[in-house]
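Undergrad:
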Amino acid sequence: MIPLAIVLIGFFAGLLGSMLGVGGGFLIVPLLVLLLDIPMHLAVGISLTSVVMTSVSSSIIYSKENLIDFKLGIFLETATAIGALTGSHIALLVPENILETIFGVVLIYASFRMILSKRIKEEKKTLETLSKKRILLGLGGSFIAGMASGMLGIGGGTLKVPILVLLLGIATKTAIATSAFMIGVTASVASFVYQFHGLTDPLLVAFIIIGIFIGVRVGSHITIKAKSITLRRIFGIILFIFALRMLLKGIGVAV
Amino acid sequence: MREHRIYFKSMTALLYMSIVSISVGTILYFIDKGIGLSTISMAIYLLTLSPFVGLSLLGAYYLKNKDYKTFINVVIVFLIALLNLINLLIGK
Chain A
344 MIPLAIVLIG
354 FFAGLLGSML
364 GVGGGFLIVP
374 LLVLLLDIPM
384 HLAVGISLTS
394 VVMTSVSSSI
404 IYSKENLIDF
414 KLGIFLETAT
424 AIGALTGSHI
434 ALLVPENILE
444 TIFGVVLIYA
454 SFRMILSKRI
464 KEEKKTLETL
474 SKKRILLGLG
484 GSFIAGMASG
494 MLGIGGGTLK
504 VPILVLLLGI
514 ATKTAIATSA
524 FMIGVTASVA
534 SFVYQFHGLT
544 DPLLVAFIII
554 GIFIGVRVGS
564 HITIKAKSIT
574 LRRIFGIILF
584 IFALRMLLKG
594 IGVAV
Chain B
13 MREHRIYFKS
23 MTALLYMSIV
33 SISVGTILYF
43 IDKGIGLSTI
53 SMAIYLLTLS
63 PFVGLSLLGA
73 YYLKNKDYKT
83 FINVVIVFLI
93 ALLNLINLLI
103 GK
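Sequence lines, in order, name chains A and B.
Mapped onto the numbering used here, the consecutive letters of the first sequence carry residue numbers 344 to 598.
Mapped onto the numbering used here, the consecutive letters of the second sequence carry residue numbers 13 to 104.
Now the structure itself:
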């Protein structure tokens, strides 16, 4: 029964992760902790390895559909990596609850814009065709996303997709596919560290990966066929739940 | 996206190797716990290191094609990821 539950957790994480360009850690970690009583650190280690798996297998499918903008992804990943490095070092200087409140409010605003904007200007932009102003905005946004990741230990996808869509005006499907590619680079580093310290369970990961592999195939095909506005709204709702949880935690309300 | 073929060939190869190793490891686990777990662990290492291998090959590709701007970006991402990794490993 337990292996089946783990495969199902992997399936839903893979499905949502590939569909929305996020890692799925926000789903795996609480489910492992609450349903299977797994310690938090171990759950995070397992989740990170699963994120790498989701990223690699979604990237393979999306690259065949020419949906990933690799140059833009690698370019923005530079700023994210520097931000994550900075964030992990200055995390001790700023109280966590203040950071959570600020990011919570910003993400709630982003989620409303994703849900309510009927017409976000989406164009087939690439790194070469973006204006300097937008490139700077993207770099700044990615740096802040990286800092949030390093300070709060949150995944990158939930921040990367709104940056690509709202700040850079990239088409929703391209943003989701590019974000799915980018999160693999970020998660691989952290995942390796967790494994180095023995904070992973190979057998649990094996079962989760089976679920992820099936979920990713379903999720990415839904994204390829779905309308951009539908994807934006689903993403906006998930982002809203995620942001609300962060805001409530920041202001000290138990969730 | 022909230019990224080399990257995805390596990623796909590593992914399938990992999936095969994990499947074999899971079966072995029920026969011999120790051997099964070591096989699965090896597969997980392969999985997590695959983006690094992919980035190295992508960097080499851009260098060969004289796209220095993108090559520098790839190198920076790789180095920062590596630095972050070393920093986290030593920090713990």
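The beta carbon of each residue, even a glycine, is placed where N, CA and C say it ideally should be.
1. Using only the alpha-carbon positions, how far apart do asparagine 85 (chain B) and isoleucine 417 (chain A) sit?
2. Might you give, ordered along the chain, the residues of its own chain that have their beta carbon closer than 6 angstroms to the beta carbon of isoleucine 52 (chain B), omitting 5 neighbours on each side?
3. Per the contact definition of three or more C-beta pairs closer than 8 angstroms, is the region 436-455 of chain A in contact with the region 582-590 of chain A?
4. Below 8 angstroms CB to CB, which residues in the same chain sit around lysine 104 (chain B) once its five sequence neighbours on both sides are set aside?
5. Between the Cα of glycine 554 (chain A) and the Cα atoms of A:Ser485, A:Ile478, A:Ile371 and A:Gly493, which residue gives the shortest distance?
6. Can you say whether valine 350 (chain A) is buried or exposed, counting buried as having 16 or more other CB atoms within 10 angstroms of its CB?
7. Among the residues of its own chain, which have a CB less than 8 angstroms from the CB of valine 614 (chain A), if the five just before and after it don't count?
8. Take the Cβ of valine 395 (chain A) as the centre, count every other Cβ of all protein chains shown within 10 Å, and call the residue buried at 16 or more, exposed below.
9. Would you check if the region 539-558 of chain A and the region 418-428 of chain A touch, i.e. whether three or more CB-CB distances between them fall below 8 angstroms?
10. Give the residues of chain B in contact with isoleucine 552 (chain A), contact being defined as C-beta atoms less than 7 angstroms apart.
11. What number of angstroms, rounded off, separates the C-alpha of lysine 592 (chain A) from the C-alpha of valine 449 (chain A)?
12. Can you give me the Cβ contacts of isoleucine 519 (chain A) inside the same chain, cut-off strictly under 7 angstroms, excluding the 5 residues immediately before and after it?
13. Consult DSSP for isoleucine 349 (chain A) and reduce its assignment to one of helix, strand or coil.
14. What are the residues of the region 537-549 of chain A that lie near chain B, defined by any Cβ-Cβ distance shorter than 8 angstroms?
15. Evaluate methionine 383 (chain A) with the Cβ neighbour count: other Cβ atoms within 10 Å of its Cβ, from every protein chain shown; 16 or more gives buried, anything less gives exposed.
16. At least one CB of chain A closer than 7 angstroms to the CB of phenylalanine 20 (chain B): is that the case?
17. Residues in the same chain with beta-carbon distance under 8 angstroms from isoleucine 92 (chain B), minus the five sequence neighbours each way, listed in chain order, please.
18. For phenylalanine 578 (chain A), which residues in the same chain have their Cβ closer than 7 angstroms to its Cβ, ignoring the five residues on either side in sequence?
19. How many angstroms separate the CA atom of valine 376 (chain A) from the CA atom of valine 548 (chain A)?
20. Less than 7 angstroms between C-beta atoms, sequence neighbours within five positions excluded: which residues of the same chain meet that for serine 22 (chain B)?
21. Give me, in chain order, the residues of the same chain whose beta-carbon lies closer than 7 angstroms to that of isoleucine 506 (chain A); leave out the 5 immediate sequence neighbours on both sides.
22. I'd like to check one pair, threonine 529 (chain A) with isoleucine 499 (chain A): are the Cβ atoms closer than 7 angstroms?
23. Counting only Cβ pairs nearer than 8 angstroms, list the residues of chain B close to methionine 494 (chain A).
24. Please confirm if leucine 450 (chain A) has its CB atom under 7 angstroms from at least one CB of chain B.
TA: In short, the structure shows the following:
1. For asparagine 85 (chain B) and isoleucine 417 (chain A), the distance between alpha carbons rounds to 7 angstroms.
2. In its chain, beyond the 5 residues on either side, Ile34 and Gly37 have a beta carbon closer than 6 angstroms to the beta carbon of isoleucine 52 (chain B).
3. Yes, since at least three Cβ pairs between the region 582-590 of chain A and the region 436-455 of chain A fall closer than 8 angstroms, the two stretches touch.
4. Note that lysine 104 (chain B) scores 49 on pLDDT, short of 50, meaning its location in the model is unreliable and no value can be drawn from it.
5. Of A:Ser485, A:Ile478, A:Ile371 and A:Gly493, the residue nearest in Cα terms is A:Ile371.
6. Around the beta carbon of valine 350 (chain A), a 10 Å sphere encloses 16 or more other beta carbons of the protein chains shown; the residue is thus reported as buried.
7. Chain A is shown from 344 up to 598; residue 614 (chain A) falls before or after that span and cannot be answered.
8. Label assigned to valine 395 (chain A): buried.
9. By the Cβ test, the region 418-428 of chain A is not in contact with the region 539-558 of chain A, since fewer than three Cβ pairs between them sit closer than 8 angstroms.
10. Ordered by position in chain B, the residues that pass the 7 angstroms Cβ test against isoleucine 552 (chain A) are Ile34.
11. As the crow flies, the alpha-carbon of lysine 592 (chain A) is around 15 angstroms from that of valine 449 (chain A).
12. A distance below 7 angstroms between beta-carbons, with the five flanking residues on each side excluded, links isoleucine 519 (chain A) to the following residues of its chain, in chain order: Leu363, Gly364, Val504, Thr566 and Leu574.
13. If DSSP states are grouped into helix, strand and coil, isoleucine 349 (chain A) belongs with the helices.
14. Of all residues in the region 537-549 of chain A, only Gln538, Phe539, His540, Thr543, Pro545, Leu546, Val548 and Ala549 come within less than 8 angstroms of chain B when Cβ atoms are compared, listed by chain position.
15. Classification of methionine 383 (chain A): exposed, given that the 10 Å Cβ count is below 16.
16. The Cβ of phenylalanine 20 (chain B) sits closer than 7 angstroms to at least one Cβ of chain A.
17. Within the same chain, isoleucine 92 (chain B) has no close Cβ partners at all.
18. Cβ within range, chain order: Leu363, Met457 and Val504.
19. Rounded to the nearest angstrom, the gap between the Cα atoms of valine 376 (chain A) and valine 548 (chain A) is 14 angstroms.
20. The answer, listed in chain order, is Val65, Gly66 and Leu69.
21. The answer, listed in chain order, is Gly481, Gly484, Ser485 and Ala488.
22. The residue asked about is misnamed: residue 499 (chain A) is glycine in this sequence, not isoleucine. Yes, the pair counts as a contact, with Cβ atoms nearer than the cut-off.
23. Counting only Cβ-Cβ distances below 8 angstroms, methionine 494 (chain A) has no contacts in chain B at all, with the closest Cβ about 14 angstroms away.
24. Chain B contact via Cβ: absent.
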